[in-house]
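A.B. asks:
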Amino acid sequence: MGLSKKHQCYIAVPSHIINSLSSSHLQNMLLSEKKISPSLSLKLKPLLTNPRFWIFLVFLFGFVGMWLDFVPFSQNPCSISHELFSVNEKSIVNEKSEFWKQPDGLGYRPCLDFSKASREILNDKTRYLMVVVSGGMNQQRNQIVDAVVIARILEAALVVPIFQVNPIWADESEFSDIFDLDHFKNVLGNDVRIVSSLPSTHVMTRPVEEKRTPLHASPEWIRSHYTRKLRRDGVLLLRGLDSRVSKDLPSNLQKLRCKVAFHALRFNPSILELGNKLTERMRSKGPFLALHLRMEKDVWVRTGCLPGLSHEYDEMINNERKRRPDLLTSRSNMTYHERKLAGLCPLNALEVTRLIKALGAPKGARIYWAGGIPFGGKEALQPLTKEFPHFYNKEDLALPGELEPFSKKASLMAAIDYIVCENSDMFMPSHGGNMGHAIQGHRAYAGHKKTITPNKRQMLPHFLNSYLSESEFNKIILDLHKDSLGQPELRKTGRDVTKYPVPECMCNSTTIHSSMNYLLAASDGLVSLEIVLLIPKQAFLRCHRFRRDEEGSKQRLEADPEFEVYGSYYDLKS
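Counting from -8, one number per residue, gives the positions in the sequence shown under our numbering.
Next up, the structure:
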């Protein structure tokens, strides 16, 4: 006969009860029945057989249980309460799934299929484009993208961009300090020839400096104004490229912009390594939200807004603005309250807290915040740190000495923030700007990762309405942001493709090209008008021009790769 297994029963006891017991008490509890003395059994027998003792014991245990918030007994004390565990687990999962749930990317994926004509790169060694980029890291990044596009338009080699010393932060970083230069050259090897410096044949050449590039210049304007100078002198120098190139370019140039922004401009390996380490430290205990907070003193001065910390702090900003009126960026005729209600002011810490709470952020949410030192220091962040104690920045996460090689260069510190924000589970900027726009586009290109775009203009009146209950306020905020969570959004005329990569740089298997094509007569050929349906309830018009060639009695149509106009976008009624 086999021996039958002994059935063991376990009783769960809260840890604080165990900790309150001494080792002697625990030993007494674990003594077997055989070791209890017979005299003690005789003394306890009358007590154990008295019904009043058991009634008193049940009452006492019930009272203590309510006080210590004990879990009620299960009908089967030797089984685990699966029902209770599953309910708690489900509530936790639901809490996470609602807030951390990613938007439907509709299957969009990167697709940079260049036409054959655009893939040809000229190895001309007589024309060189030099550019000087300025501003912060993200502003420099945008200008580098434009520089590559201009070099492609002019069929010139691009000398590695020169970084102008930033007068605000005294940052003397060069291209290779921030970005991986070899990777940059290799990725763009089939598009634009990149050289580290001018060749010996051009070193003594005085470059022609052009300072009159207008805003949003078209490829035609660039060719007509720069090609002759470039051929004549061999070297063209451009400065201040910020927003100088049109946002509405032919398809191949738009794809090139995406290729530069999302593939070629990879950060220097040392920066990338630390940024990835900080990302892993944030994610080690679950998903995390990254906030880009614009609460520095110069931001409040330049935007014409007030931090709202106290009357004294507001007066300091007003006095600085009166002393330096040139710092105000735009719309100087608007009052602070008009700017606020128009959605032109950065959100302060209290407003950010109320917004993400209304969107469902749990109290235990892990938050990474990027940005400079807030005006008002730690006091300015108190609403966030009080509500969300797991609140960190790169200084909190880095080990001793890790930030030392980068700490004196603002561009490198901004690059570390960029990496963590781009890789976060959720991202939200408190205000627009180059970094927020760049990360929004990068996250869209990476599969439309959740990115909250605060609807400041429509939500702020509700922030000021003290009669709204918390549930009503939360419902309104959720409704205002249901379409602002990073879903695919078509690029409209005038918008940057590196912020809205659909449709030029991303496509999906459900894209439907309408059969409605129209050929319209033009002076030098034909214009094809094509209606394209890209995502549900949205469509846009794509317009191509075709050249007309005559070969005897035959006419042949050839697509003109340099001409492609995008018309208006339409919201289709359901």
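We put the CB at the ideal spot given by N, CA and C, even for glycine.
On the CB-based measure, 16 or more other CB atoms within 10 Å of its CB, does I407 come out buried or exposed?
C.D. replies: Classification for I407: buried.
A.B. asks: For V178 and A252, which I take to be in contact (beta-carbon distance under 8 Å), what is that distance rounded to the nearest angstrom?
C.D. replies: Incorrect: roughly 11 Å between the Cβ atoms, too far for contact.
A.B. asks: Applying the 10 Å Cβ sphere with the 16-neighbour rule, what's the burial state of H283?
C.D. replies: Label assigned to H283: buried.
A.B. asks: Would the beta-carbon of F199 fall within 9 Å of that of L228?
C.D. replies: The question names Phe, yet the displayed sequence has Val at residue 199. In this structure, L228 lies closer than 9 Å to V199 by Cβ.
A.B. asks: Going straight from the alpha carbon of K331 to that of N414, what length do you get?
C.D. replies: The straight-line gap from Cα to Cα measures roughly 31 Å.
A.B. asks: Return helix, strand or coil for H207, following the three-state DSSP convention.
C.D. replies: Note: H207 maps to coil in three-state DSSP.
A.B. asks: So, for H174: in the same chain, excluding its five sequence neighbours on each side, which residues have a beta-carbon less than 8 Å away from its beta-carbon?
C.D. replies: Result list for H174: A255, R257, in chain order.
A.B. asks: Just mark R345 as buried or exposed, buried being the case when its beta carbon has 16 or more other beta carbons within 10 Å.
C.D. replies: Result: buried.
A.B. asks: Can you confirm whether the region 92 to 101 touches the region 123 to 143 when touching is taken to mean that 3 or more C-beta pairs between the two stretches lie within less than 8 Å?
C.D. replies: As far as the Cβ criterion goes, the region 123 to 143 does not touch the region 92 to 101, which means the pair count is below three.
A.B. asks: Assuming M121 and V140 are in contact, meaning their beta carbons sit under 8 Å apart, how far apart are those beta carbons, in whole angstroms?
C.D. replies: Rounded, the Cβ-Cβ distance is 15 Å, inconsistent with contact.
A.B. asks: For the beta strand (DSSP E) containing F279, name the first residue and the last one.
C.D. replies: Note, F279: beta strand (DSSP E), 279 to 283.
A.B. asks: Between the Cα of G438 and those of V493, A401, P278, spot the shortest distance and give me the residue it belongs to.
C.D. replies: G438 has its Cα closest to that of V493, out of V493, A401, P278.
A.B. asks: Indicate the three-state DSSP secondary structure (helix, strand or coil) for A148 in the structure shown.
C.D. replies: Looking at A148 - three-state DSSP - the assignment turns out to be strand.
A.B. asks: Between F454 and the rest of its own chain, which residues show a CB-CB distance below 8 Å, the 5 nearest in sequence each way excluded?
C.D. replies: Only E342, R345 meet the Cβ criterion.
A.B. asks: Can you give the Cα-Cα distance for K377 and T270, rounded to whole angstroms?
C.D. replies: Cα-Cα distance, rounded: 23 Å.
A.B. asks: Is the distance from the Cβ of K400 to the Cβ of D168 below 9 Å?
C.D. replies: Yes, they are a contact pair.
A.B. asks: Taking 8 Å as the cut-off, does the region 206 to 213 touch the region 264 to 280 (at least 3 CB pairs, one atom from each stretch)?
C.D. replies: The region 264 to 280, when compared against the region 206 to 213, does not touch it at the 8 Å Cβ threshold.
A.B. asks: Within the continuous beta strand (DSSP E) that includes L227, where are the two ends?
C.D. replies: 226 to 230 is the span of the beta strand (DSSP E), which, as asked, contains L227.
A.B. asks: So, at 7 Å on beta carbons, what are the nonlocal neighbours of P63 in its own chain, with the 5 sequence-adjacent residues on each side left out?
C.D. replies: Residue placement at P63 cannot be trusted, given a pLDDT of 36 that sits under 50; what the coordinates show is reported in the next sentence. Correct list: empty, nothing qualifies.
A.B. asks: Determine the burial state of I364: buried for a count of at least 16 other Cβ atoms within 10 Å of its Cβ, exposed for fewer.
C.D. replies: The residue in question, I364, is exposed, as its Cβ has fewer than 16 Cβ neighbours within 10 Å.
A.B. asks: Exposed or buried, A340, counting other C-beta atoms within 10 Å across all chains shown (16 or more means buried)?
C.D. replies: Burial call: buried.
A.B. asks: May I have the straight-line CA-CA distance separating G180 from R315, to the nearest angstrom?
C.D. replies: Looking at the two C-alpha atoms, the distance is approximately 46 Å.
A.B. asks: From G266 to V411, what distance separates their C-alpha atoms?
C.D. replies: Near 6 Å, if we compare the C-alpha coordinates of V411 and G266.
A.B. asks: Contact defined as beta carbons within less than 8 Å: I believe D162 pairs with S402. What is the distance between those atoms, to the nearest angstrom?
C.D. replies: Rounded, the Cβ-Cβ distance is 5 Å, consistent with contact.
A.B. asks: How long is the line joining the alpha carbons of P445 and M273, rounded to whole angstroms?
C.D. replies: Rounded to the nearest angstrom, the two C-alpha atoms are 23 Å apart.
A.B. asks: Since I believe L476 is in contact with K447 (beta carbons under 8 Å), could you give me their beta-carbon distance rounded to a whole number of angstroms?
C.D. replies: Actually they do not touch by this definition, with Cβ atoms about 15 Å apart.
A.B. asks: Counting along the chain, where does the alpha helix (DSSP H) carrying V199 start and finish?
C.D. replies: Counting along the chain, V199 falls outside any alpha helix (DSSP H), though it belongs to the beta strand (DSSP E) covering 199 to 201.
A.B. asks: Might you give, ordered along the chain, the residues of its own chain that have their beta carbon closer than 8 Å to the beta carbon of C102, omitting 5 neighbours on each side?
C.D. replies: Same-chain partners within the cutoff: C496, M497, C498.
A.B. asks: On the CB-based measure, 16 or more other CB atoms within 10 Å of its CB, does S514 come out buried or exposed?
C.D. replies: With a pLDDT of 47 at S514, under the threshold of 50, the modelled position of this residue cannot be trusted, and the question is left open.
A.B. asks: Just how far apart, CA to CA, sit W291 and S191?
C.D. replies: Distance between the alpha carbons of W291 and S191 is about 48 Å.
A.B. asks: Run through DSSP, which three-state label would L120 get?
C.D. replies: In this structure, L120 counts as strand in the three-state DSSP scheme.
A.B. asks: For Q575, I'd like the list of residues in its chain whose CB is within less than 6 Å of its CB, leaving aside the five on either flank, ordered along the chain.
C.D. replies: Here the chain covers residues -8 to 565 and nothing more, so residue 575 does not appear.
A.B. asks: Measuring alpha carbon to alpha carbon, tell me which residue in L338, E287, I135 is nearest L247.
C.D. replies: Cα-wise, what sits closest to L247 is I135.
A.B. asks: Would a C-beta distance cut-off of 9 Å place E435 and K490 closer than the cut-off?
C.D. replies: In the sequence on display, residue 435 carries Ala and not Glu. Going by C-beta atoms, A435 is nearer than 9 Å to K490.
A.B. asks: So the alpha helix (DSSP H) F327 belongs to, where does it begin and stop?
C.D. replies: According to the sequence shown, residue 327 is Tyr rather than Phe. Unbroken alpha helix (DSSP H) run through Y327: 327 to 332.
A.B. asks: Round the Cβ separation of Y327 and G367 to the nearest angstrom and send it over; I've been treating them as touching at under 8 Å.
C.D. replies: About 17 Å separates the two Cβ atoms, so there is no contact after all.
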